[in-house]
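Under this note's numbering, the first residue of the sequence shown carries the number 161, and numbering increases by one thereafter. Just so it is clear, CB atoms sit at the ideal spot from N, CA and C, and this is done for glycine as well. Note that the structure is predicted; figures quoted are calculated from it, not measured.
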Amino acid sequence: MTDALLLETREGDKTAAWWRQAAVYQIYPRSFADANGDGLGDIPGILSRVDYLADLGIDAVWLSPFYPSELADGGYDVADYRNVDPRLGTLEDFDAMVEALHARGIRVVVDIVPNHTSDQHAWFQEALAAGRGSAARERYIFREGEGPDGSEPPADWVSTFGGPAWHRVADGQWYFHHFATEQPDLNWDNPEVRADFVKTLRFWSDRGVDGFRIDVAHMLTKDFAEKLPTSAELDLIPKDGNHPLIDRDDVHEIYAEWRQVFNSYDPPRTAVAEAWVAADRVPKYASPESLGQSFNFDLLEADFDAPEFRRIVTENLALAATSGSSSTWVLSNHDVVRHATRYGIPVAQDSDAPTRHGGQWLLDGGDESVLDREKGARRATAATLFLLGLPGSTYLYQGEELGLHEVAAIPAEDRQDPTFFRTGGEEIGRDGCRVPLPWSADGDSFGFGSAGAHLPQPAWFADYSADAEASDPSSTLSLYREALRLRHPLQTGETLEWIETGRADVLRFARPNGWQVVTNFGAEAFDLGADAADVVLSSRALEGSALPGEATAWIAPAGLLG
Ligand code: NOJ
């Protein structure tokens, strides 16, 4: 992207390219702000915090699901795709929120969950009532069971959240669910399913929504043989586009149709795929004929380690270039241990363990005594400033701008994540990053609402309140605000050049306009020499001309900031 086009994006904000280098702030609505005092965050709560979002300086918000839901999976079990959960507000509230955000130049991205509905969705209820062989069952994936009386599941598959992936209904048939039992998978071979999602995309686009985040975008299409493979056999099938369940090439037929919908709007609606696929498969989702952008989760899984960061950045910039998309960067979201915490706990020894990135710590009980909060916070802000300096879009997760840590100590009876229940408590799950935000240092639920919070907030939340941090120039919030404010005039073309530092633990890169980012991943200070005079922002105060350990500095030569 040329600097001229970028400037046009900033000034007129009229081009289709606004998303390419946006800072997108993820709101988990039920835990953001509660305006009606029922313990659940809501749309009017977001509306009441529009000034906060504008002051933060983000370009867009992405809202996790706010649709009617029985909350079997935090709203990712949608009962009605074209409505607002009455506990969270109304469509009119939604419109008012969009209008207020747009008035402050903030775009709105909403979550679309097309792989599965809630079992409370009218379609699924109809399927249950209509019985085997009915058109209503054809919208989902129903099969007869195995064994003489069909009482064995069609296959021994395990759901992503643990436990069986097939569930038997009253008349004896079984249905498939990748996730919780309350999340039956849709049958994407059914034209009615396809048509309904196009209707949903148009519904929200017509209401002014600017883009969509597509939940498990790599899972929609399936190919069910007469005799299903066993779990062990399934694991051996290569994920090369023809796997029965994951990342099938034919999923892009759906996105090609969606692309036509997106492009029928001015500016075109955008989409970002949540696709957990091998790197060489990502460009298919990110191509302009498909969804246009795809999440890159590599940094969610990386240690705070200079060579690892450099490799990931280099690889992902190259990958984005192959599709013509821009890269995405993310350190925290509603599914993982917050990065301030991840960086403050001992790294699990087994580097291949799937639970390595904070998950193992949670599995071991989330012992806060081994958490070095200060170190985690230092590393987290260093990593965030590094990300915000990279070419491409950065996705931020609510609460990280306050420096929030994961809440590990949640009593079993308060837990909500289906992972916890489906693994018999063996896996603690994701509730710890979904605890309602602290807006004030005291008061009921730290200013979240007037009736407590739907997940318990710990006493230490008082130290992270938005109100206190807003007036403290040395707070994490002030650092985020300053970074996001400076990022606009500093933003430039979508490339970088690495500058060798002579230290394996220090990364330095320059953007086309001369903006430089230096991150010291080590403990020993790094001397910036004469460039120290051009430092416009740093996550820790310089010591003379030296950047302390676990810190990032932005260098902007004279004139760059006007
Ligand atoms: C991915 C979402 O990010 C996660 O929160 C959800 O549980 C699953 N998809 C299922 O919808």
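Asked, Found
"My output table needs one value for Leu644: the three-state DSSP class, helix, strand or coil.", "helix"
"Considering only heavy atoms of ligand 1, does any lie closer than 8 Å to the CB of Val273?", "yes"
"To the nearest angstrom, how far is the alpha carbon of Thr482 from that of Asp440?", "10 Å"
"Taking the beta carbon of Val530 as the centre, do at least 16 other beta carbons fall within 10 Å, making it buried, or is it exposed?", "exposed"
"Using only the heavy atoms of ligand 1, determine whether one of them is closer than 8 Å to the beta carbon of Asn493.", "yes"
"Would you mind sorting Ser631 into buried or exposed? The rule is 16 or more other CB atoms within 10 Å of its CB.", "exposed"
"Should Ser634 be labelled buried (16 or more other beta-carbon atoms within 10 Å of its own) or exposed?", "exposed"
"State whether the segment 401 to 413 contacts the segment 375 to 382, with contact taken as three or more CB pairs (one from each stretch) at a distance under 8 Å.", "yes"
"Tell whether a beta-carbon distance below 9 Å holds between Pro616 and Val595.", "yes"
"Quick one: is the Cβ of Leu697 within less than 8 Å of any heavy atom of ligand 2?", "Ligands in the displayed structure: ligand 1; ligand 2 is not one of them."
"Can you tell me which of Ser486, Pro204, Gly235 puts its alpha carbon nearest to the alpha carbon of Gln343?", "Gly235"
"Within 8 Å: the Cβ of Glu434 and any heavy atom of ligand 1?", "yes"
"Nearest to Glu304 by CA position, among Tyr335, Asn275, Val677, is which residue?", "Tyr335"
"Cβ of Glu586 within 9 Å of Cβ of Gly322?", "yes"
"If I measure Cβ to Cβ from Leu720 and keep anything under 7 Å in the same chain, skipping five residues before and after, which residues do I get?", "Leu650, Asn673, Gly674, Trp675"
"Using DSSP's beta-bridge definition, name the partner residues of Ala225.", "Rather than Ala, the amino acid found at residue 225 in this sequence is Pro. None; Pro225 has no bridge partner."
"Quick one: is the Cβ of Arg575 within less than 8 Å of any heavy atom of ligand 1?", "no"
"Would you list the one or two residues that DSSP bridges to Asp279?", "Answer is none; Asp279 lacks a bridge partner."
"Compute the distance between the beta-carbons of Val269 and Thr554, then report whether it is under 9 Å.", "no"
"Give me the Cα-Cα distance between His276 and Gly709, rounded to the nearest whole angstrom.", "46 Å"
"Helix, strand or coil: which one does DSSP assign to Trp317?", "coil"
"Would the beta-carbon of Pro551 fall within 9 Å of that of Ser605?", "no"
"Would Ala601 pass as a contact of Ala622 if the rule is Cβ separation under 9 Å?", "yes"
"Measure the C-alpha to C-alpha separation of Pro717 and Arg242 and round it to an integer number of angstroms.", "49 Å"
"Tell me the rounded alpha-carbon separation between Glu657 and Thr320.", "39 Å"
"Does Pro274 pass the burial test, meaning 16 or more other C-beta atoms within 10 Å, or should it be called exposed?", "buried"
"Are three or more beta carbon pairs between the segment 496 to 504 and the segment 185 to 202 nearer than 8 Å?", "no"
"Less than 8 Å separating the Cβ of Gly234 from some heavy atom of ligand 1?", "yes"
"Is the beta carbon of Leu207 sitting closer than 9 Å to the one on Arg247?", "no"
"Applying the 10 Å Cβ sphere with the 16-neighbour rule, what's the burial state of Leu251?", "exposed"
"Is Gln186 closer than 9 Å to Asn493 when the C-beta atoms are compared?", "yes"
"Report the residue from Ser311, Ala540, Pro427, Gly205 whose alpha carbon sits nearest the alpha carbon of Gly368.", "Pro427"
"Cβ of Arg575 within 9 Å of Cβ of Gly559?", "no"
"If you run the structure through DSSP and keep just helix, strand and coil, what is Val595?", "coil"
"Under 9 Å, do Ala543 and Phe464 count as touching if we go by C-beta distance?", "yes"
"Excluding the 5 residues flanking Val507 on each side, which residues of the same chain have their C-beta closer than 7 Å to its C-beta?", "Asp463"
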